[in-house]
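Asker: Please read through the structure below; I'll follow up with questions.
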Amino acid sequence: GPAVDQDNHSRSWGNRTAGRTGVWVNGAFTRDSLLKALKANRTFASEDSSLSVWFSVGGEPMGSRLALPATGKLALEVAAKDEGEPGARYAVELFREIVGDGRLPEPVEKSGLLNDGEAWRQSLEQDEEGVVAYLAKVTQFGTGKPDTVWTSPIWVEPAASPLEAEEEAHEGEETPGVRFVGSKARG
């Protein structure tokens, strides 16, 4: 999944940029749950240290690999929240990539401005034959320079059942629910 990093040659170790890699961890935060979340691509890249974004298709989180529903319709949801800037507004741009076509992902839907924590829901019909990946770009407004977040994609394929990778990502999880684990710059 996407990640944010910085490069310098001093002892600042990550506090010279507000950019952060966000990770959605299922259950209790442990070394094992963090590694599982990273392996499952449950990440997003943010230019803001306190901004978190949730992206799902049919209730399955970013990084998931899903079978196309029999109806061909996908229920997508994106929500952004920033505890440090509760008055911020957000715009979502949904991208679609047809895997293997050699082209870059293309925007397919855009939201209007959303409030902090407000979910944007879309229903899309997938008519492609092969594997398609969806990802979201969220832009935060109203707090100075706009900040951008990119989510991990969610892959949808015309299979009879979800891919084994999705089953492995949830294997051995004891605590239901997903929570955000992030970092804040030390000041």
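Going by the numbering used here, the first residue of the sequence shown is number 874, and it counts up by one from there.
Don't be surprised by glycine CBs; every beta carbon is placed ideally from N, CA and C.
All values reported here derive from a predicted model rather than from experimental measurement.
Can you check the region 909-933 for any beta strand (DSSP E) of at least 3 residues that lies completely inside it and give the ranges in chain order?
Answerer: Those beta strand (DSSP E) runs which fall completely within the region 909-933 and span 3+ residues are 916-919, 924-930.
Asker: Who are residue 1022's beta bridge partners in DSSP?
Answerer: Note: residue 1022 sits in a beta bridge opposite 919, 1011.
Asker: Using the Cα positions of residue 943 and residue 876, report the straight-line distance between them to the nearest angstrom.
Answerer: Approximately 33 angstroms, taken between the alpha carbons.
Asker: Could you tell me which of 933, 949, 957, 959 sits nearest to residue 913, measuring between CA atoms?
Answerer: Closest option to residue 913, Cα to Cα, is 933.
Asker: If we call anything under 8 angstroms between Cβ atoms a contact, is residue 1024 one with residue 920?
Answerer: No, they are not a contact pair.
Asker: DSSP three-state label for residue 905, please.
Answerer: Three-state result, residue 905: helix.
Asker: Nearest by alpha-carbon distance to residue 930: which of 941, 989, 949, 915 is it?
Answerer: For the residues 941, 989, 949, 915, the minimum Cα distance to residue 930 belongs to 949.
Asker: Around the C-beta of residue 988, are 16 or more other C-beta atoms found within 10 angstroms, so that it is buried, or is it exposed?
Answerer: Label assigned to residue 988: exposed.
Asker: If you drop the 5 nearest sequence neighbours on each side, which residues of the same chain put their C-beta closer than 7 angstroms to that of residue 971?
Answerer: These residues qualify, in order along the chain: 1001, 1003, 1005.
Asker: Run through DSSP, which three-state label would residue 895 get?
Answerer: Residue 895 falls in the strand class under three-state DSSP.
Asker: I'd like the ranges of any beta strand (DSSP E) spanning at least 3 consecutive residues and lying wholly in the region 940-982.
Answerer: Listed in chain order, the complete beta strand (DSSP E) runs (minimum 3 residues) inside the region 940-982 are 946-955, 962-971.
Asker: List the residues that DSSP assigns as beta-bridge partners of residue 937.
Answerer: In DSSP, residue 937 forms no bridge with anything.
Asker: Distance, Cα to Cα, residue 901 vs residue 1030?
Answerer: C-alpha separation (whole angstroms): 31 angstroms.
Asker: So residue 966 packs on residue 983, CB below 8 angstroms; how close in whole Å?
Answerer: Confirmed, about 5 angstroms.
Asker: For residue 985, which option in 963, 879, 1027, 996 has the closest C-alpha, if you only look at C-alpha atoms?
Answerer: That would be 963, whose Cα lies nearest to the Cα of residue 985.
Asker: Which partner residues does residue 984 have in the DSSP bridge list?
Answerer: According to DSSP, which records beta bridges pairwise, residue 984 is partnered with nothing at all.
Asker: Tell whether a beta-carbon distance below 8 angstroms holds between residue 923 and residue 957.
Answerer: Their beta carbons are under 8 angstroms apart, which means residue 923 touches residue 957 by this criterion.
Asker: The beta strand (DSSP E) that contains residue 1030, what's its start and end?
Answerer: Run containing residue 1030: 1027-1030, per the beta strand (DSSP E) assignment.
Asker: Let me make sure I understand the geometry here. Which of 1028, 895, 1014 has the alpha-carbon closest to that of residue 916?
Answerer: Nearest C-alpha to residue 916: 895.
Asker: Taking DSSP as the reference, what is the three-state secondary structure of residue 876?
Answerer: Coil.
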